[in-house]
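Listed in order, the protein sequences are those of chains A and B.
Per my numbering, the very first residue in the first sequence carries number 106; after that it's consecutive.
Per my numbering, the very first residue in the second sequence carries number 5; after that it's consecutive.
Note that beta-carbon positions come from the ideal geometry of N, C-alpha and C, so glycine has one too.
Keep in mind that this is a model prediction, so the values were computed, not measured.
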Amino acid sequence: MAKISIHEWFTRKKKAKAETEAVSARLDIPGNLWIKCYKCNAALFTKDLEANLKVCPKCNYHFKLSSAERIKLLIDEGTFKELNAEIRSTDFLGFTDSQPYQKRIEDSMLKSNLMEAVITGEGQVSSIPVALGVMDFSFMGGSMGSVVGEKITRIAEHGMEHKLPVIVVTASGGARMQEGIMSLMQMAKTSAALQRLREFGLPYIVILTDPTTGGTTASFAMLGDIHLAEPGALIGFAGPRVIEQTIRQKLPVGFQRSEFLESHGMVDAIVNRQDLKSTLTKILRFYKD
Amino acid sequence: MAEAKNGKKNLLEFEKPLIPIFKKIEELKGVSAHGMDMTEEIKMLEKRIETLRREIFQNLSPIQIVQLARHIMRPTTLDYISLLLEDFVELRGDRNFGDDPALVGGVGRLNGKPVLVIGHQKGHTTKELLARNFGMANPEGYRKALRLMRVAQRANRPIISLVDTPGAYPGIGAEERGQSEAIAKNLREMAALTVPFVTVITGEGGSGGALGIGMGNRVLMLQYSIYSVISPEGCASILFRDATRAAEAATASKITAKDLLEFDVIDEIIKEPVGGAHNDPATSAQNIQVSVIKHIEELNKLSPRELIADRYRKYRKMGIFIES
């Protein structure tokens, strides 16, 4: 082996470490036998983890669910009917960061097998018909652009039209910056639609999952009649890094996690994933029995 | 209070070509003090400044507009209030946690007619800015704003909101007290207001912190103000991974009044005096007054229900997407 400098050695070591991390992250796909818990580092048998609704049996860490998995978890089998699946994002600003927005959209579609960061539709929860929106973090970090805003607005309108309770499961890094001011305007649009839903006297239930931040939190995620949250989810307005940079001090442990929000009065209940459907059912029955 | 005709103090980088002329004027004034009459010469030079300024301001880049929007001498909400309103009484507190000095409001008369004004408050010195938290409101600020909007609604008086903030404050206390909830609730409740509501972006329209008081039936922007989902610096550091590329980000994100008028996000651009609002606050205030009164008078013709419907139509159509 050729001689290498100390600096080079460190660089290689760093690179090797990054590669290992990338591999272990990649393990989080079905088909792989083992997966390491992000929180407690326990090695988990993928099948066991999935049988446990992707919750670590050792430490109760809730792995992220895809929108399809979430729908399967909450909605009675065979009752889900997707709505507005054909609305697509477009690069109207001609915005390019490390790559053009249009390419980012297309890549996200291929990688996530989704058309956008939210799936909306109608279905039944324990035989109670509902209008449902489920965000998916794997599509551009669940960011809210025109399409997410439009689909959330339309599902609220669908609820009004068919007198259905509206449920939204959030998972979003916030507004989609590649759409500039239009992404900000989605906060206004969705909130205005939820105002109408409220006047209609229909319930609006939000299920907050990891993570829910930024413009999503500061609009439709915090406007529920009822707020449920999964344990340990990051929920906040500003991202932890932004806050740290602003106040120049370390953030307390557990800051902006579900439990923090519950103790500060922003969340009605923290519900383990295995109890989520039954809890949701009880709440829906309060409204309709 | 912003001092009129700022002279060579607080000139921005792109205004630097004006400095030699200002210096010359000062020299001539010095000579005049010794008994020589230089009035004519000084007048000529002042005219030259005016012409040069006009030229410079004809072709401002987005990042230069950002600098103007953030100018330390840019008139603040309280400056405009003192220039525009008679019988102003400031109203404080959210009746829940406290009073937020970064977001002010109160009642007064605009052109003789009662109005309620709310707005972010910055300052012209470091001391003032610190006292106002640089115009970055906490949840109690947004809750105060909502309380005041409802005061206006019960009195059946129009609401004017003046937007000038880098954004809602990202702090520990803000998160503890529900910054997201406070803003979200304002958005929902602004949609339901039964009185005419006009928003003017006077300086920085910083994201959710701006929108949190900015859902007027009409949204107007001063010529050199900006309105964006994220600051150019934030956009550059997150998307370009390089905070120094803010100028590029400012151009790419389309944040100027002209851009936003094209997207129908705003309804009108209010002209600023040459050199920007801080160069002549009284004229800037006058321009705001003319425009705001015109829009309030139009909105006065609508019933409470129509006002809600008018606002809903405006925000419902926001968004650009493809539907096959």
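Might you give, ordered along the chain, the residues of its own chain that have their beta carbon closer than 7 Å to the beta carbon of residue i, omitting 5 neighbours on each side?
i: V128/A; result: Because V128/A carries a pLDDT of 49, less than 50, the predicted location of this residue cannot be relied on, and no value is offered for it.
i: F138/B; result: K126 and P170
i: C142/A; result: L149, C161, K163, C164 and Y166
i: I230/B; result: I69, V70, A73, E208, G209, I259 and T260
i: K144/A; result: C161, C164 and Y166
Nearest chain A C-beta to residue i closer than 7 Å, yes or no?
i: A254/B; result: no
i: D104/B; result: no
i: M225/B; result: no
i: Y316/B; result: yes
i: G139/B; result: no
i: E327/B; result: yes
Determine whether the beta carbon atoms of residue i and residue j lie at a separation below 7 Å.
i: A334/A; j: S368/A; result: no
i: G226/A; j: E187/A; result: yes
i: V223/B; j: I163/B; result: no
i: I29/B; j: L15/B; result: no
i: L87/B; j: A247/B; result: no
i: T258/A; j: A326/A; result: no
i: V233/B; j: S288/A; result: yes
i: F168/A; j: K177/A; result: no
i: I67/B; j: A251/B; result: yes
i: I310/A; j: G341/A; result: no
i: G344/A; j: A280/A; result: no
i: V235/A; j: I224/A; result: no
With a cut-off of 7 Å, does the C-beta of residue i fall near any C-beta of chain B?
i: V128/A; result: Any answer about V128/A is weak, because its pLDDT of 49 lies below 50 and its placement is not dependable; what the coordinates show is given next. No, V128/A lies away from the interface with chain B (no Cβ there is under 7 Å from its Cβ).
i: H263/A; result: no
i: D241/A; result: no
i: T386/A; result: no
i: V347/A; result: yes
i: Q361/A; result: yes
i: M287/A; result: yes
i: L132/A; result: With a pLDDT of only 49 at L132/A, under 50, the local geometry of the prediction cannot be trusted, and no value is derived from it.
i: E191/A; result: yes
i: F342/A; result: yes
i: S213/A; result: no
i: I272/A; result: no
i: D330/A; result: no
i: S217/A; result: no
i: S324/A; result: yes
i: M327/A; result: yes
i: T296/A; result: The sequence shown places Ser at residue 296/A, not Thr. So yes, S296/A belongs to the interface.
i: L299/A; result: yes
i: M245/A; result: no
i: A293/A; result: yes
i: E255/A; result: yes
The beta strand (DSSP E) that contains residue i, what's its start and end?
i: D315/A; result: Y309 to T317
i: L89/B; result: L89 to E94
i: L120/B; result: K117 to H124
i: T384/A; result: Note, T384/A: premise wrong, no beta strand (DSSP E); alpha helix (DSSP H) at R378 to Y392.
i: A236/A; result: I233 to M240
i: T2/B; result: Residue 2/B lies beyond the residue range present for chain B, which begins at 5 and ends at 328; the question has no answer from this structure.
Spatial neighbours of residue i within its chain, please: CB distance less than 6 Å, with the 5 preceding and 5 following residues excluded, ordered by chain position.
i: D196/A; result: Y206 and Q207
i: A6/B; result: Legend: pLDDT at A6/B = 39, less than 50; position of this residue unreliable, value from coordinates given subsequently. Cβ neighbours of A6/B beyond the five flanking positions: M77, P79, D83, H282 and P285.
i: Y146/B; result: A186, I187, N190 and G216
i: G220/B; result: F201, V202 and T203
i: R96/B; result: D103
i: L381/A; result: none
i: L132/A; result: Its pLDDT being 49, under 50, L132/A is placed unreliably in this model, and the value from its coordinates should be taken loosely. Excluding positions up to five away in sequence, the list reads I140.
What are the boundary residues of the alpha helix (DSSP H) that includes residue i?
i: A173/A; result: S172 to L179
i: R52/B; result: T43 to Q62
i: Q183/B; result: Q183 to M194
i: L215/B; result: S211 to L215
i: M225/B; result: Looking at the DSSP string, M225/B is not in any alpha helix (DSSP H); the run it does join, the beta strand (DSSP E), is R222 to L226.
i: S235/B; result: From DSSP, S235/B is part of no alpha helix (DSSP H); its letter is neither H nor E.
With a CB to CB cut of under 8 Å and the five nearest residues on each side skipped, what residues in its chain are close to residue i?
i: L307/A; result: G264, M265, K268, L269, P270 and V271
i: N115/B; result: Q293 and I297
i: Q227/B; result: A261, I273, I274, K275 and E276
i: T386/A; result: V230, S231 and I233
i: F325/B; result: none
i: E54/B; result: V278
Requested in this report: Answer yes if the region 236–243 of chain B comes into contact with the region 260–268 of chain B, meaning at least three C-beta pairs across the two stretches below 8 Å, and no otherwise.
Outcome: no
**Report entry** Given 8 Å, three or more beta-carbon pairs between the region 183–203 of chain B and the region 290–305 of chain A
**Finding:** yes
Report task. Specify whether the region 237–247 of chain A and the region 211–224 of chain A touch according to this definition: at least 3 beta carbon pairs, one from each stretch, less than 8 Å apart. Result -> yes
**Report entry** Given 8 Å, three or more beta-carbon pairs between the region 149–159 of chain B and the region 111–130 of chain B
**Finding:** yes
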